[in-house]
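Working notes, structure below.
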Amino acid sequence: MKLDSIRSLEGQLLAIACLFVACIPISGAVIFLRPKFERAMSEAYTASSAAAHDELKQLAAQLEDPAADPTQVHDAIVKLAAPEKEWLYQDWVTHPEPERVITVARLIEADPDYFLHRAEQTVVCGSEDQQKLGLRFLALSEHPSVAVRLQHLLRWTRQRHLPDAPDRIQSVLTDWVASHPKTPKSNEHSGSIP
Numbered sequence: 101m102k103l104d105s106i107r108s109l110e111g112q113l114l115a116i117a118c119l120f121v122a123c124i125p126i127s128g129a130v131i132f133l134r135p136k137f138e139r140a141m142s143e144a145y146t147a148s149s150a151a152a153h154d155e156l157k158q159l160a161a162q163l164e165d166p167a168a169d170p171t172q173v174h175d176a177i178v179k180l181a182a183p184e185k186e187w188l189y190q191d192w193v194t195h196p197e198p199e200r201v202i203t204v205a206r207l208i209e210a211d212p213d214y215f216l217h218r219a220e221q222t223v224v225c226g227s228e229d230q231q232k233l234g235l236r237f238l239a240l241s242e243h244p245s246v247a248v249r250l251q252h253l254l255r256w257t258r259q260r261h262l263p264d265a266p267d268r269i270q271s272v273l274t275d276w277v278a279s280h281p282k283t284p285k286s287n288e289h290s291g292s293i294p
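Residue 101 is where the sequence shown starts when you use my numbering, and the numbers rise one by one after that.
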């Protein structure tokens, strides 16, 4: 194709048609290889700066201390920016033992949208162990929206045919509904995909 022909309408239409034709095998490769990439995904956790790290470590210790003033801890979490909240969540995920139930409750009380969404993200994007921790965080949160979030995650993982993830989510959802009898039951819990 000469440079002059690309300046004509026919040349431009031909160039666009070539791009569309080239997109077909690329999109086919993406669709075919997607499950292989999703199975290999995991979250990577980053370290914070040294000064912020010390302050956040103190706050993390206060989160699990039953003697700490809940109002003071709540206000400290609310004042944090997203990277600091992320550090607190990552601290919980990277140090799961002993199980810190009070920490989850206080994080959820301070900012339920952020921390519940972050746990969902871990279930979707994390490795198998990270998925289990994200589900455990959701189960410990005792937040009323957990059943709906678990149903959404269950539907999402089933649609993508992720191995074992739907079974883990279904187990947590079943336990959640059994321990919270006022939880509304939906079609998703019965196993059907709307």
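Even glycine gets a Cβ: it sits at the ideal position worked out from N, Cα and C.
Counting C-beta neighbours from all protein chains within 10 Å, is the total for residue i 16 or more, i.e. buried, or is it exposed?
i	result
E197	exposed
S271	exposed
G128	exposed
A176	buried
T194	exposed
Q251	buried
K282	exposed
A265	buried
Can you name, in chain order, every residue of its own chain whose Cβ lies under 7 Å from the Cβ of residue i, other than the five neighbours on each side?
i	result
C118	none
Over what stretch of residues does the alpha helix (DSSP H) that includes residue i continue unbroken?
i	result
H280	Careful: H280 lies outside any alpha helix (DSSP H) and carries neither H nor E.
A168	Unbroken run through A168: none, as it is neither H nor E.
G226	Where G226 is concerned, there is no enclosing alpha helix (DSSP H), given that its DSSP letter is neither H nor E.
L253	V246 to Q259
P183	A182 to T194
L207	V201 to A210
Taking C-beta to C-beta, are residue i and residue j nearer than 7 Å?
i	j	result
R200	E143	no
H174	A210	yes
Tell me which residues share the same chain as residue i and place their Cβ nearer than 8 Å to its Cβ, disregarding the 5 neighbours each side in the sequence.
i	result
R268	Q231, K232 and L235
L216	I208, L238, S241, H243, S245, V246 and R249
A167	none
T222	E143, V193, Q230, Q231, L233, G234 and F237
Given residue i, which residues of its chain have a CB within under 6 Å of its CB, disregarding the five upstream and five downstream residues?
i	result
P263	none
Give the C-beta separation of residue i and residue j to the nearest angstrom, bearing in mind that I take them to be a contact with Cβ-Cβ under 8 Å.
i	j	result
A160	D191	5 Å
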